[in-house]
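In what follows, a single structure is set out as structure tokens and then discussed.
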Amino acid sequence: MKKLFDRVFDGADEMYALAQKTLDETIAELGESAPVAMPNTAYGLATISAYLAKQVNNLGDLKAAFEEAKTWNVHEPRLTNIFNMGKGTFMAAEVIEACKYAKDPDPYKGEYHGHLSDAEVRELGVPLVTDDIPGFVVIYNPAPSDEEAVELVKGYQTRGIFVFLLGGVIDQVKRQGMNFGFNVRVVAVGPDIWQVAHIISFVYRAAMIFGAVQPGDKWEFDDYTYYRIHAFVNVFDPVTDIVVACGAGAIAMGFPVITDDEKDMWRVPKSILIQKDTKDWIETSLEARDIKIKITNIDIPVAFSTAFEGEIVRKNDMRLDIDGSKYDTFELVRTAESHLIEDHRIELIGKDIDEFEEGESIGFGMIAEVCGKDMQSDFEPVFERNFHNFINCIEGVMHTGQRDVLRIRIAKSAFDAGFRFQHIGEVLYAKIKSEYEAVVDKCQVTLITDPEKLHEARLEAKKVYDKRDERLGTMTDETVEVFYNCILCQSFSPAHVCIVTPERLGLCGAVSWLDAKATNQLNPTGPCQIVTKDRVVDENIGIWEDVNENVFKCSHGNLEQVTLYSIMVDPMTSCGCFECICGIEPFSQGVVIVNREHQGMTPLGMSFPEMASMTGGGVQTPGFMGHGKQFISSRKFMKAEGGPGRIVWMPKELKDLVRPKLDPVAKELYGIDDFTDKIADETVAEEAEAMMDFLSENGHPVLEMEPLI
Amino acid sequence: MKEMKPFTTIEEMEADTARLKEIACELCIDTYEDRKKQQEPHCKFGEDGICCRICSMGPCRVTPKGQYGICGADAHAIAGRHYLRMAAAGSAAHSDHAREIAHVLHKTNANGPYTIKDPDKLIANAKEWGIETEDRDIYDIAHEVAEVGLMEFGKPFGTLRYLERGTEERQKVWDAEGIAPRAIDREISTSLHMTNMGNTADAEVLVRQSLRVGMADGWGGSMMGTDFTDILFGTPTVRSTEGNLGVLEENQVNIIVHGHDPSFSEMIVLAAESKELLDYAKSKGAQGINIAGLCCTANEATMRHGVRMAGNFLQQENALLTGAVEMMAVDVQCIFPALGRLQECFHTKFITTSPICRIPGSEYIEFTADDAEHAYEKAKALVKSAIDNYENRDRSKVFIPEHRQDATVGYPTVQIIKELDGVTNSHIIDDPRGSYKPAIEAIKSGVLRGAVAMVGCNNPKVRADYSHIEIMKELMANDILIVGSGCASQAATKAGLLRMDAKEICGDGLKRVCTLVGIPPVLHMGACVDISRMMLLVTSIAKDWGVETTQLPIVGCAPEWMSEKAVAIANYVVATGIDVYLGIEPQVKGSTQMMELITEGTRPICGAGYVINKDPHELVQSIIAGIEKKREALGI
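Sequence order for the protein chains is A and B. Heads up: the first sequence is residues 159 to 867, going by my numbering. Heads up: the second sequence is residues 516 to 1151, going by my numbering.
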């Protein structure tokens, strides 16, 4: 039997030789000064950067970096060398891919995903910490049959595991017509083993973004990937030496490899596992990586998994369209007396799905009534807001909107599988009972499609919303007794702490003050703890001794002080999964805000990934701050620096989103109408000069403010 | 790398010793270092093993002009006889220790003070020996097991029962080569008889008997001592503890238990836990009662109770020199008679407890199996008198070095299996729990290169603990897992190598294994008597692997050995098919034949031998080379 280490030696040599050849050819074609860059990232060639702390800007740099990478290829039979060689193999793979992107910034033309953007990394921050994505799998090589390939991928998908596909398995799932893409958490990375470089780059950027791991800090990278990235690898027979060398790198990072190939394969506990029964790979793999899946058994005819949260149901695939723009729609959680609730009762008032025409647009209402001795009405909106997540996890059902403006699409495939309205009831019932078992004793669900009843019920619901808004309106940082912290992200970003207040929700956008309060009450020792606000230091810029103490303790001494309302003085840190980032714009002395989804440039001369890379991982960078979208229209946004009137530029899409709340706040603060229209966007300016012209023309209030710096 | 608590360097340990030595100088009392100087140069004839004083015609010694003793014995016979006598004495020590434990087992009683703590192990042992266990009172079984065990010492016919635990191949070798031991006492007796005036003069025959009398220890006395101790006091499990003199407490009553036989120290530990005595200690102004161990008593007590370890063999005088010890209570083996004089300089009470070990200057309070019924009461009285002594501590004389290290201890074979179970995968049929397969897979694949049993004493002939620590660190850096016992594992403890985070100074292979399994890189398996555990470990690994013990990339190493017990141990380890690397030369150098026999001559007999090198750095390189050679032969 060929020794395991010898296989790694040969496999690494093979990848290095291929990288050398590709690099030589590319340099011959483009010259050493030709630029090298991966699209939509601020981290350059992340793997090379992580290991060698080298910035690669052109092919000449790449050549120099590769020379250094070669010193990692030492044929000595010790695992330290084997691990280095595995990582070196990844660097060599990255060289190959970088050459490809140097020749063509879009080399895969949509056929494969190739490089993953920084925004995609950041998007996964929240689902990773909440365990909605309990792990990642990389699947390589074709499965014994196309059906089995799909079964495996779907099996992971339904467990919420993010799937990266490499090589022949991609064709198999394509042939089976499976729906894949980043939004459904199945990414076809590329056809060859060296495209593994994109996955490794993705992982190292997660470490840099969320963990603030510094380039070159090999020990920290190993620690981060081992303890915080729950990935593993499935490779179908045959496993060649070059794959074994990549496996060495994966194992070095803490990711076990599961295969059915026995030839010259050596078992290593929790690292190389030979499982001949490929049907049992999922369970074998999850156990090997110590991933425990939270199982919600819901009796519905389609799959239920967080992997389907981002699934899109297109018009042509649609059986039914619930359209809040034309008909009555709403969703509501209400607390009721215990004797009025029959647990697990699901009632449909009106017609069911099969009774409507195919493609018909209708109205729809959902009421979940709950009771429990620890239930509080403040929890109602918290549960209710999660209807979106719950319903989206159903395979073939898409939910957008909230309260009484909903859009829900039900796919033909789901309908054909037997999906009916009662199943939405089952999902709501099961999720509310399992997620909030600490406070919910009983739950019943009423679903309405009957237009008359629906209209009545919607009006009732509206009253509840209004009452809530009234309460929310009076709920300010000054009126509440306490704030909360949120350290949910510390599993990923150990040095970061969020302070959540009524007027400043968590930067991920997912944790409002009420959410934090509910989380605290549901689990008093959990991730959200009470932060008192008794000892005020400076209410204007938002400094409390209590807050500082809490931040110091919870960041493990990393942070000594944060302000809640300033971006210039000790701004609040971020984990990296912020919805938006703002940064100072020197000409206007205002701030530019850009959301994660925006792909283009900003007047700062930086894109979202570039701005985002300035902060994150619990690092304080005055002048840059990550935050949630809802925070933009808060009276407390940059209060110390003059408030939201400082905002000079936002992408149009973001402007439209915040306008309904931002305009009234600006009116209140500055006495001006239609403030949002005075903010520049990409349609009028992508660089500073044009933006300044726009601001002057529109009389933007920032021009009257004191300079920031 | 993240900041770590520092490891203790050999220089720091030596600085502590130097400071304590100054105290000794001030008190005009000698320590081993002074006495070593006084003894130098050592008698060359003695050192080379060619001084014969077996009969009163001599002493005779071999010189260029006198190649033979008066009886005609040559250098090989003289050195060989001396060597065999050392092995026999070592075997006698371990085995007599085991005999005492067997007697205690025979005295167990549901009402105590000695009870059965591991009935499963008792029943397994009873079944192994064909003793009826169904519907029987556990104490009846215990008494019968003890009786059958005691018969192993003097049975007239047959060989030792435990030999059947060996691999089939080993059993054949032992039988074929005539090294399967008969009754334990018989082998010791035979050895003394053979070396008596006018008997065996053939060095090879003497070496063969050394193997056999060693076997009587490792696969007899020691194995029984370990098993019966587990049955009596519980099979050890993983525990957190601390080690080095820094475990002595400024404001507590410090009692040191020292020696090897846990049936005494167990009672002291129990007594010290009683609320009555704790209250009493507080009434005397102490914050508590601090039991600390020395030598192998420390190893035994730490594995079963987490009792902290004050140090190893050459630390015994240092412990007293701290001036903070109210009582040093000893049982058997490795006790310096020097303690008798040293204690006179302090308030420390020096208590001897065994008829085997009587020392001038000590107070003798006998603890034997014959009087087992009163053991607990006597232990309480001892602890009480230590408490009474607390007020006599002269605080101006106290110096407690600050160094101490965290340690995770307690890895008998069952615990190792349990840890390895944690890395198996329940979905893979070929991945059974309850076996050493995970460790074997790690070795086969090259993640681990092999394993070394680090054992043995301290010896002033080399820098104390230096060889142990240097060798262990180099092995760790080369992905070689270490199992340790006796003073070797205490050296590791003091240096911090038993810490969970010691994996950070290992090669990536050993580090990964430690991380996945959740173990430190040096597994503490117990006292020197527990080297028998290591024999069962290699035997089971060989069985699970499907190869012979001689093929395994696993070796033993005793870089600082000094006791006759170590000679017995080295012999049974070699007889088990495991090479032994020694950092101190056995005293046979005056015979080229003997040197050849112990390094090479045993190989055709049992497939293993000694490798000797006084330089620890060279020794560890030869260990690594030896392991790699075994790997090459296996094609891994």
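Don't be surprised by glycine CBs; every beta carbon is placed ideally from N, CA and C.
Cα-Cα separation between Ile653(B) and Glu662(B), rounded to whole angstroms: Here the question's residue 653(B) lines up with position 138 in the second sequence. Here the question's residue 662(B) lines up with position 147 in the second sequence. Distance between the alpha carbons of Ile653(B) and Glu662(B): 14 Å.
Can you list the residues of chain B that Asp399(A) reaches, using a CB-CB cut of under 9 Å? Taking the first sequence and counting its residues from 1, one reaches residue 399(A) at position 241. Those do not exist, as Asp399(A) stays about 15 Å from chain B at its closest Cβ, beyond 9 Å.
Buried or exposed: which applies to Ser651(A), given that a residue is buried once 16 or more other Cβ atoms fall within 10 Å of its Cβ? By 1-based counting over the first sequence, the position of residue 651(A) is 493. Classification for Ser651(A): buried.
Which value, in whole angstroms, describes the spacing of the CA atoms of Gly1116(B) and Gly1122(B)? Within the second sequence, the letter at position 601 stands for residue 1116(B). Within the second sequence, the letter at position 607 stands for residue 1122(B). Distance between the alpha carbons of Gly1116(B) and Gly1122(B): 10 Å.
Closer than 9 Å at the beta carbon, the chain A residues around Asp994(B): Numbered from its first residue, the second sequence carries residue 994(B) at position 479. By Cβ distance, chain A contributes Arg236, Leu237, Thr238.
Check whether the Cβ of Ser610(B) lies closer than 9 Å to any Cβ atom in chain A. Counted from its first residue, the second sequence places residue 610(B) at position 95. Residue contact with chain A for Ser610(B): absent (no Cβ-Cβ distance below 9 Å to any residue of chain A).
Just to make sure I have the definition right: I need the residues of chain A whose C-beta is within less than 8 Å of the C-beta of Pro521(B). Which are they? On the second sequence, position 6 is the one that residue 521(B) refers to. The CB of Pro521(B) never comes closer than 8 Å to any CB in chain A; the least such distance is about 17 Å.
Check each candidate in Asp422(A), Leu564(A), Gly530(A), Met533(A) and name the one with the smallest Cα separation from Arg543(A). By one-based count along the first sequence, residue 543(A) stands at place 385. Here the closest residue by C-alpha is Leu564(A).
What are the boundary residues of the beta strand (DSSP E) that Gly774(B) is part of? On the second sequence, residue 774(B) is found 259 positions in, with the first residue counted as 1. Where Gly774(B) is concerned, there is no enclosing beta strand (DSSP E), given that its DSSP letter is neither H nor E.
What's the call for Lys864(B), buried or exposed, on a 16-neighbour Cβ count within 10 Å? Against the second sequence, residue 864(B) aligns to sequence position 349. It is buried - the Cβ of Lys864(B) has at least 16 other Cβ atoms within 10 Å.
When you check each C-beta in the stretch 675–700 of chain A against every C-beta of chain B, which residues fall closer than 9 Å? none
Quick one: residues in its chain with C-beta nearer than 7 Å to the C-beta of Val460(A), no 5 flanking neighbours on either side, listed in chain order? In the first sequence, the residue the question calls residue 460(A) occupies position 302. Taken in chain order, the residues that qualify are Ile552, Glu553, Gly554, Ala572, Ala575, Phe577.
If you draw a straight line from the alpha carbon of Ala853(B) to that of Asp563(B), how long is it in whole angstroms? Position 338 of the second sequence, counted from the start, is the residue given in the question as residue 853(B). Position 48 of the second sequence, counted from the start, is the residue given in the question as residue 563(B). Spanning the two alpha carbons is a distance of roughly 26 Å.
Out of curiosity, what's the CA-to-CA distance linking Leu310(A) and Tyr594(A)? Here residue 310(A) refers to the residue found at position 152 when the first sequence is read from its first residue. Here residue 594(A) refers to the residue found at position 436 when the first sequence is read from its first residue. Approximately 31 Å between the Cα atoms of the pair.
Mind checking if Gln433(A) is an interface residue toward chain B, Cβ cutoff 9 Å exclusive? Looking up residue 433(A) in the first sequence gives position 275. It does; some Cβ of chain B falls within 9 Å.
Contact list for Phe163(A) against chain B, beta-carbon separation under 9 Å: As a position in the first sequence, residue 163(A) is number 5, starting the count at 1. Residues of chain B passing the Cβ test: Ser960, Gly961.
Interfacial residues, the stretch 941–973 of chain B to chain C, with Cβ spacing under 7 Å: Any reference to chain C falls outside this structure, whose protein chains are A and B.
Residues bridged to Val344(A) [DSSP beta-bridge criterion]: Translated into the one-based positions of the first sequence, residue 344(A) becomes position 186. Answer by DSSP bridge pairing, in chain order: Val321(A), Gly339(A).
Whose Cβ in chain A lies nearer than 8 Å to the Cβ of Val998(B)? Numbered from its first residue, the second sequence carries residue 998(B) at position 483. Going along chain A, no residue has its Cβ under 8 Å from Val998(B), so there is no contact; the nearest lies around 18 Å.
Hey, does Ser429(A) have any beta-carbon neighbour from chain B nearer than 9 Å? For this step, residue 429(A) is matched to residue 271 along the first sequence. Chain B contact via Cβ: present.
Just to check my reading of the structure: Asn231(A) and Gly246(A) have Cβ atoms closer than 8 Å, yes? What is that Cβ distance to the nearest angstrom? Here residue 231(A) is taken as the residue at index 73 of the first sequence, counted from 1. Here residue 246(A) is taken as the residue at index 88 of the first sequence, counted from 1. About 5 Å separates the two Cβ atoms, so the contact holds.
Answer with yes or no whether the minimum CB distance from Ile1034(B) to chain A is below 9 Å. As a first step, residue 1034(B) must be located in the second sequence, where it is residue number 519. No, Ile1034(B) does not count as interfacial toward chain A.
Buried or exposed: which applies to Gly715(A), given that a residue is buried once 16 or more other Cβ atoms fall within 10 Å of its Cβ? For the purposes of this step, residue 715(A) is identified with residue 557 of the first sequence, where counting begins at 1. When all chains shown are included, Gly715(A) counts as exposed.
Examine chain A for any beta-carbon lying closer than 9 Å to the beta-carbon of Ile1142(B), and answer yes or no. Sequence index remark: in the second sequence, residue 1142(B) carries index 627 (1-based). Taking Cβ atoms only, chain A never reaches closer than 9 Å to Ile1142(B), which makes this a no.
Cβ of Asp635(A) less than 9 Å from any chain B Cβ? The residue labelled residue 635(A) in the question sits at position 477 within the first sequence. No, its Cβ sits nowhere closer than 9 Å to a Cβ of chain B.
Span of the alpha helix (DSSP H) around Lys864(B): Your numbering for residue 864(B) matches position 349 in the second sequence. Premise fails: Lys864(B) lies in the beta strand (DSSP E), 864–867, not in any alpha helix (DSSP H).
Between the CA atoms of Glu505(A) and Glu306(A) - distance to the nearest angstrom: Counting from 1 along the first sequence, the entry for residue 306(A) is found at position 148. Counting from 1 along the first sequence, the entry for residue 505(A) is found at position 347. The alpha-carbon atoms of Glu306(A) and Glu505(A) are separated by roughly 39 Å.
With 16 as the cutoff for other CB atoms within 10 Å, does Ile351(A) come out buried or exposed? By 1-based counting over the first sequence, the position of residue 351(A) is 193. Buried.
The stretch 297–304 of chain A / the stretch 322–332 of chain A touching (three or more Cβ pairs under 8 Å): A contact exists between the stretch 297–304 of chain A and the stretch 322–332 of chain A.
Specify, as a first and last residue, the run of the beta strand (DSSP E) that Cys810(B) falls within. To locate residue 810(B), count along the second sequence from 1; it is residue 295. Here Cys810(B) belongs to no beta strand (DSSP E); instead the alpha helix (DSSP H) covers 810–820.
Distance, Cα to Cα, Met423(A) vs Asp1059(B)? The residue you call residue 423(A) lines up with position 265 of the first sequence. The residue you call residue 1059(B) lines up with position 544 of the second sequence. Cα to Cα, the separation comes out at about 19 Å.
Span separating the alpha-carbon of Lys691(A) from that of Ser713(A): Residue 691(A) sits at position 533 when you count from the first residue of the first sequence. Residue 713(A) sits at position 555 when you count from the first residue of the first sequence. Going by the C-alpha atoms only, they are around 18 Å apart.
Over the uninterrupted beta strand (DSSP E) stretch that includes Gly313(A), give me the two end residues. One-based indexing of the first sequence puts residue 313(A) at position 155. Unbroken run through Gly313(A) is the alpha helix (DSSP H), 304–316; no beta strand (DSSP E).
Could you pull out every unbroken beta strand (DSSP E) segment of at least 3 residues lying fully inside the stretch 790–861 of chain A, listed in chain order? Along the length of the stretch 790–861 of chain A, whole beta strand (DSSP E) runs at least 3 residues long occupy 805–807, reported in chain order.
Nearest to Tyr1125(B) by CA position, among Ala1148(B), Ile783(B), Val762(B), Asn1086(B), is which residue? In the second sequence, the residue the question calls residue 1125(B) occupies position 610. Among Ala1148(B), Ile783(B), Val762(B), Asn1086(B), the Cα nearest to that of Tyr1125(B) belongs to Asn1086(B).
Enclosing beta strand (DSSP E) for Arg567(A) [first to last residue]: Locating residue 567(A) in the first sequence gives position 409, where the first residue counts as 1. First-last of the beta strand (DSSP E) with Arg567(A): 563–569.
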